[in-house]
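Chains as they are written, first to last, in my numbering: chain A, 52 to 211; chain B, 289 to 417.
Cβ atoms here follow ideal geometry from the backbone N, Cα and C, with glycine treated the same way.
If you want it as structure tokens, here you go:
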């Protein structure tokens, strides 16, 4: 994915607006665009999903890293996370440390699934790259909307 | 030689597991139901239910979902769910615009914070947050 700076701004705002519209409460300062000294950019969006006021709510965190590529920015990594405290499960889609994962598993992306939170069947699960933050967000929300009694981790193939 | 399922050591936790799971389902269902005066707002509607509540057709609901007016979660190819809170915001109308916060940092936080990475050099060593 390759965006101009202006389009990256619009994309970040649209992603956060989608979370807001779904009923989530965005954290203060979110969405945030941080520019590092080397020119790379981090887009970070975090929010609490709707839930019971009496218990810890489910959390969504979307973080993307973008690198300068000529006059535009190229997506070079991501961390999309659902920590569902209410249903005690975690689902995540990651792309980072490309060289390490290619060497170890011949893949660029991996996934995580914990059910209950902290119980890890495999350290890294196999998955397909997410097209963009919208696809990842929908997949996380789909996991969040899965009834509590249904397992969400069972079908995840292990890389390790 | 074949053994009955209840004696086969490869079959983990036979009949009793079924009972345990059904009890678990009941408990989880109870915790997801309204408790006292504190209703759980973590509920999802089908497009048909939303159509009934808004007194419009299911086709109109699907049009609203597809044009992005009514936020919905695409659970599978043709199945959508609308969170109760999303419907409330849809009915309430316009929301304050979301604003982007800009900062400058020396270096970006690693995406792998707290995760064990593969490989001989860094196996099982969580990256510092």
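How many Å lie between residue i and residue j at the Cα?
i	j	result
residue 58/A	residue 129/A	18 Å
residue 69/A	residue 358/B	10 Å
residue 350/B	residue 335/B	7 Å
residue 173/A	residue 370/B	32 Å
residue 107/A	residue 121/A	44 Å
residue 373/B	residue 338/B	12 Å
residue 405/B	residue 380/B	45 Å
residue 156/A	residue 117/A	24 Å
residue 331/B	residue 375/B	10 Å
residue 52/A	residue 81/A	22 Å
residue 209/A	residue 102/A	31 Å
residue 344/B	residue 393/B	50 Å
residue 363/B	residue 127/A	27 Å
residue 365/B	residue 354/B	13 Å
residue 340/B	residue 76/A	27 Å
I'd like to know whether the C-beta atoms of residue i and residue j end up nearer to each other than 8 Å.
i	j	result
residue 164/A	residue 146/A	no
residue 168/A	residue 140/A	yes
residue 124/A	residue 73/A	no
residue 87/A	residue 399/B	no
residue 162/A	residue 184/A	no
residue 78/A	residue 98/A	yes
residue 383/B	residue 149/A	no
residue 407/B	residue 61/A	no
residue 256/B	residue 85/A	As shown, chain B starts at 289 and ends at 417. That puts residue 256/B outside it, with no answer to give.
Leaving out five residues on either side along the sequence, give the residues of the same chain with a beta carbon under 6 Å from the beta carbon of residue i.
i	result
residue 95/A	83, 114
residue 181/A	144, 187
residue 352/B	358
residue 199/A	138
Whose Cβ in chain B lies nearer than 7 Å to the Cβ of residue i?
i	result
residue 114/A	399
In chain A, which residues lie with their C-beta within 8 Å of the C-beta of residue i?
i	result
residue 366/B	Those do not exist, as residue 366/B stays about 13 Å from chain A at its closest Cβ, beyond 8 Å.
residue 389/B	80, 81, 82, 83, 84
residue 376/B	74
residue 407/B	151, 154, 155
Show which residues of chain A have a CB atom less than 9 Å away from the CB atom of residue i.
i	result
residue 361/B	73, 189, 192, 193, 195, 196
residue 395/B	87, 88, 89, 91
Among residues of its own chain, excluding the 5 on either side of residue i, which ones have a beta-carbon nearer than 8 Å to its beta-carbon?
i	result
residue 317/B	Note on residue 317/B: pLDDT 35, under 50, position unreliable in the model; the coordinate value appears next. Nothing meets the Cβ criterion.
residue 203/A	140, 142, 164, 166, 194, 197
residue 214/A	Given a span of 52 to 211 for chain A in the structure shown, any question on residue 214/A remains unanswerable.
residue 56/A	123, 124
Go through its chain and collect everything with a Cβ distance to residue i's Cβ below 7 Å, but skip five positions before and after it.
i	result
residue 189/A	none
residue 387/B	none
residue 171/A	165
residue 192/A	73
Using the beta-carbon of each residue, which ones in chain B are nearer than 8 Å to residue i?
i	result
residue 77/A	386
residue 62/A	Those do not exist, as residue 62/A stays about 10 Å from chain B at its closest Cβ, beyond 8 Å.
residue 55/A	Those do not exist, as residue 55/A stays about 15 Å from chain B at its closest Cβ, beyond 8 Å.
How would you list, in chain order, the residues of chain A whose beta-carbon sits under 7 Å from the beta-carbon of residue i?
i	result
residue 371/B	73, 74, 101
Residue i touches chain B at which residues, Cβ-Cβ below 9 Å?
i	result
residue 120/A	By Cβ distance, chain B contributes nothing, its closest Cβ being about 16 Å from residue 120/A, past 9 Å.
Residues of the segment 183 to 204 of chain A with a CB closer than 7 Å to any CB of chain B: list them in chain order, please. 189, 192, 193, 196, 199, 200
Residues of the segment 337 to 354 of chain B with a CB closer than 7 Å to any CB of chain A: list them in chain order, please. none
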